[in-house]
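Letter 106 of the sequence shown, counting from 1, is numbered 203 in our numbering, and no numbers are missing.
The C-beta atom is built at its ideal place from N, Cα and C for all residues, glycine as well.
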Amino acid sequence: MSKLRYKRVLLKLSGEALAGEQGYGIEPKTITTIANEIKEVVACGVQLSLVIGGGNIFRGLAASSKGMDRASADYMGMLATMINSLAMQDALEKVGVDTRVQSAIAMQEVAEPYIRRRAIRHLEKGRVVIFGAGTGNPYFTTDTAASLRAMEVGAEVILKGTKVDGVYTADPKKDVNAVKFAQLTYIEVLKKGLQVMDATATSLCMDNNLPIIVFDVTTDGNVKKVVCGEPIGTIVKG
Ligand code: UDP
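As structure tokens, then:
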């Protein structure tokens, strides 16, 4: 069995990663596939926490550009991340992985409140902790929530699972000359405005030296490869 490179990780999935081919909402087959990928690495002893976006259901910025109050729209976005978190909890538990959902917005009937030390204890016990409701604040994104939670629980790396196999010089779907970066610095990401994470999230990782690996989560076995340190995707570090 390959050796683990990382023991405690935070996996960030965009809401769209759960939508599969349908492009909206949650596709059962897709979420089950991801749950099985997670199961495989947890079985190897990796302590894994998860942040899932909400873009497959609702995005605050998009709604506010059509006239909705931004803060209200963002709260709706945060609730969308809770829907995804509960769906992922269900999918993981169906394949036999113990989980806890912790919400940044109090909703004690559906999830635990976010308590850092409790989250760490769950991880130590081998449970997957799903952090829902983003940071609990409007004007932020789930990328920032992922960076913040990763730092708080002492994750060694953020694994940003996307539909693309890394960061490119241009959109590889639109530009045939687009080249993939194997490695980038935080400053390069910020200066070039590369689509890794938003600037707030990237700066937070830079200030605290937390590496980010952008990889394709839709390919079978990739979560395992990335925790074993195989050079797939693009790594962003100092
Ligand atoms: N959101 C927020 N504060 C947070 C995290 C998320 O207000 O700390 C809202 C925001 O409206 C965002 C939505 O939740 O558009 C969904 O999150 P995001 O767009 O990051 O999801 P993704 O693009 O990863 O699917």
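Contact test: residue i Cβ vs the ligand UDP heavy atom, cutoff 7 angstroms
i, result
"T238", "yes"
"R156", "yes"
"D166", "no"
"D171", "yes"
"T241", "yes"
"G152", "yes"
"G122", "no"
"A279", "no"
"T127", "no"
"N234", "yes"
"A208", "no"
"A177", "yes"
"S111", "yes"
"S117", "Looking at the sequence shown, residue 117 is not Ser but Gly. Checking the Cβ of G117 against the ligand UDP gives no."
"G174", "yes"
"G258", "no"
"G229", "no"
Distance between beta carbons of residue j and residue i, contact taken as under 8 angstroms
i, j, result
"L158", "L108", "Not quite, the Cβ-Cβ distance comes to about 23 angstroms (not below 8 angstroms), so this is no contact."
"Q199", "I212", "7 angstroms"
"G122", "A114", "Actually they are not in contact, since the Cβ atoms of G122 and A114 sit about 12 angstroms apart, beyond 8 angstroms."
"V324", "V143", "5 angstroms"
"A160", "A168", "At roughly 11 angstroms, the Cβ-Cβ gap does not stay under 8 angstroms, so A160 and A168 are not in contact."
"V333", "P308", "7 angstroms"
"V139", "G223", "7 angstroms"
"A279", "T331", "6 angstroms"
"R105", "L220", "7 angstroms"
"G112", "M175", "Wrong, their Cβ atoms sit about 12 angstroms apart, outside the cutoff."
"T299", "T239", "Actually they are not in contact, since the Cβ atoms of T299 and T239 sit about 14 angstroms apart, beyond 8 angstroms."
"F228", "R246", "5 angstroms"
CB contact below 8 angstroms: residue i versus chain C
i, result
"K163", "No chain C is part of this structure, which consists of one protein chain only."
Environment of residue i [buried if 16+ CB atoms lie within 10 Å]
i, result
"Q186", "buried"
"I284", "exposed"
"V293", "buried"
"D166", "exposed"
"S99", "exposed"
"N319", "buried"
"A201", "buried"
"R197", "buried"
"Y172", "buried"
"A203", "exposed"
"V276", "exposed"
Under the three-state DSSP convention, the category residue i falls into
i, result
"Q186", "helix"
"I310", "strand"
"V324", "helix"
"V286", "helix"
"I202", "coil"
"T196", "strand"
"I332", "strand"
"L301", "helix"
"L291", "coil"
Please list the segments of the beta strand (DSSP E) lying wholly inside the segment 208 to 277, counting only runs of 3 or more residues, in order along the chain.
If we require 3 residues or more, the beta strand (DSSP E) runs fully inside the segment 208 to 277 come out as 225 to 229, 254 to 259.
Alpha helix (DSSP H) segments (min. 4 residues) lying fully within the segment 99 to 174:
List check, alpha helix (DSSP H) in window: 125 to 140, 157 to 162.
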